[in-house]
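Asker:
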Amino acid sequence: MYAWHDGGDSYTVVSGRLRPVSSDDPQTRQDTTTRDADMITAINTDRLVLRNYQDRDAAALLEYRANPTVHCFARERLGSLAAAQRDIREKSGDDLQLAVCTKDDDRLIGSVFAEFDQPDTYGVGWNFNPTFGGLGYATEAAIAFLNHLFHDRQARRIYAYVEDDNLPSQRLCERLGMRQEALYREFISFVNNADGTKHYENTREYAILRKEWRQV
Ligand SMILES: CC(C)(COP(=O)(O)OP(=O)(O)OC[C@H]1O[C@@H](n2cnc3c(N)ncnc32)[C@H](O)[C@@H]1OP(=O)(O)O)[C@@H](O)C(=O)NCCC(=O)NCCS
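Count the sequence shown with the UniProt record's numbering and you get residues 1 to 216, in order.
(1) Would you list the residues sitting across from G196 in a DSSP beta bridge?
(2) Nearest by alpha-carbon distance to A160: which of E174, H151, R153 is it?
(3) With H, G and I counted as helix, E and B as strand and the rest as coil, what does DSSP make of Q170?
(4) Figure out for me which residue from T139, E163, A114 has the closest Cα to the Cα of R153.
(5) Could you say which of G134, R107, Q97 lies nearest to G123 if we only look at CA atoms?
(6) Count the CB pairs spanning the segment 162-169 and the segment 66-79 that are closer than 8 angstroms, and state whether there are at least three.
(7) Pull the bridge partners of Q97 from the DSSP assignment, please.
(8) Using 10 angstroms around the beta-carbon of E90, count the other beta-carbons present and answer buried if the total reaches 16, otherwise exposed.
(9) Quick one: measure Cβ to Cβ for I109 and Y137, integer angstroms, because I've assumed they're closer than 8 angstroms.
(10) Going straight from the alpha carbon of S92 to that of L62, what length do you get?
(11) Just how far apart, CA to CA, sit N127 and V112?
(12) Determine the direct distance from the alpha carbon of A58 to that of G133, and round the result to whole angstroms.
(13) What are the partner residues of E163, as DSSP defines its beta bridges?
(14) In angstroms, rounded to a whole number, what distance separates the CA positions of E201 and V49?
(15) Out of curiosity, what's the CA-to-CA distance linking R29 and D87?
(16) Relative to the alpha-carbon of D94, which residue among R214, A66, D105, F116 has its alpha-carbon at the smallest distance?
(17) I need the straight-line Cα distance from P26 to N52, nearest angstrom please.
(18) With a threshold of 8 angstroms on Cβ separation, who are the neighbours of D36 within its own chain once the five nearest residues in sequence on each side are excluded?
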């Protein structure tokens, strides 16, 4: 269970979604007081807050989505602030797509996300602004996110696909305690080669079970 009440902003669950609490909105006010058992609000770590995307995140999102550094995000390239704003509007109601922000100034520095596979498995991913790389932020966010999935969403198994040449993401999986379970040869194609043929990725699968997860 996580709660965030910081700098005048509060978050609560409304109709199963993370929502900012407005003191003059009867719907959210009622939810705050009557649905404490459901509250996941936002996720706090020492240095970070994981929360739903907000309109104000658009410029910071564009910073790292305009020039993807890995092939798997090539198709998610954002070409303008308007495209970033549209992307945020699409994701802002999804509690499995979270903005990772510095706690001090609520600045978006990266993203963590998950896909739910029935009945109890999640595939996870992350994408961070390289300006904030090498400081342990992605690790800190991913620990909190996996903790949330295992404990608040009762995940039994969490996996991640990582391209064979993506060493930073592999190290992140390993810091989380995930084990490499497979290497799929020419698993998927995100980009084309110079001659127009598909470029296929060799993809690793990492995974961890709830019973293996540390208590954070
Ligand atoms: C994958 C990705 C999130 C990893 O970012 P990162 O900066 O290496 O990860 P962290 O922020 O956790 O920083 C960890 C590094 O900082 C160092 N570090 C410094 N201070 C630290 C601290 N307080 N806590 C933990 N690590 C710290 C670690 O030693 C580590 O360095 P190393 O990997 O050389 O050993 C990032 O490269 C990224 O977003 N890439 C583009 C998108 C992508 O590839 N997504 C995954 C697709 S499968």
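Backbone N, C-alpha and C fix where the C-beta goes; we use that ideal spot for every residue, glycine too.
Since the structure is predicted, the reported quantities are computational estimates derived from the model, not experimental observations.
Answerer: In brief:
(1) Beta-bridge pairing links G196 to no other residue.
(2) The shortest Cα separation from A160 among E174, H151, R153 belongs to E174.
(3) helix
(4) A114
(5) Q97
(6) Here the segment 162-169 lies against the segment 66-79, with 3 or more beta-carbon pairs under 8 angstroms apart.
(7) Per DSSP, F113.
(8) So E90 ends up on the exposed side.
(9) Right, their Cβ atoms sit about 6 angstroms apart.
(10) Taking the straight line from one Cα to the other gives about 15 angstroms.
(11) 7 angstroms
(12) 20 angstroms
(13) The partner list for E163 (beta bridge, DSSP) reads T203.
(14) 33 angstroms
(15) Confidence at R29 is low in this model, with a pLDDT of 34, below 50, so its placement is unreliable and no value can be given for it.
(16) F116
(17) For P26, the predicted structure reports a pLDDT of 38, less than 50, and the residue's modelled location is therefore unreliable. A value from the coordinates is still provided. Straight-line Cα distance between these residues: approximately 21 angstroms.
(18) Caution applies to D36, whose pLDDT of 36 falls short of 50 and renders its modelled position unreliable; the value that the coordinates give is listed next. For D36, where only same-chain residues beyond five positions count, there are no Cβ hits under 8 angstroms.
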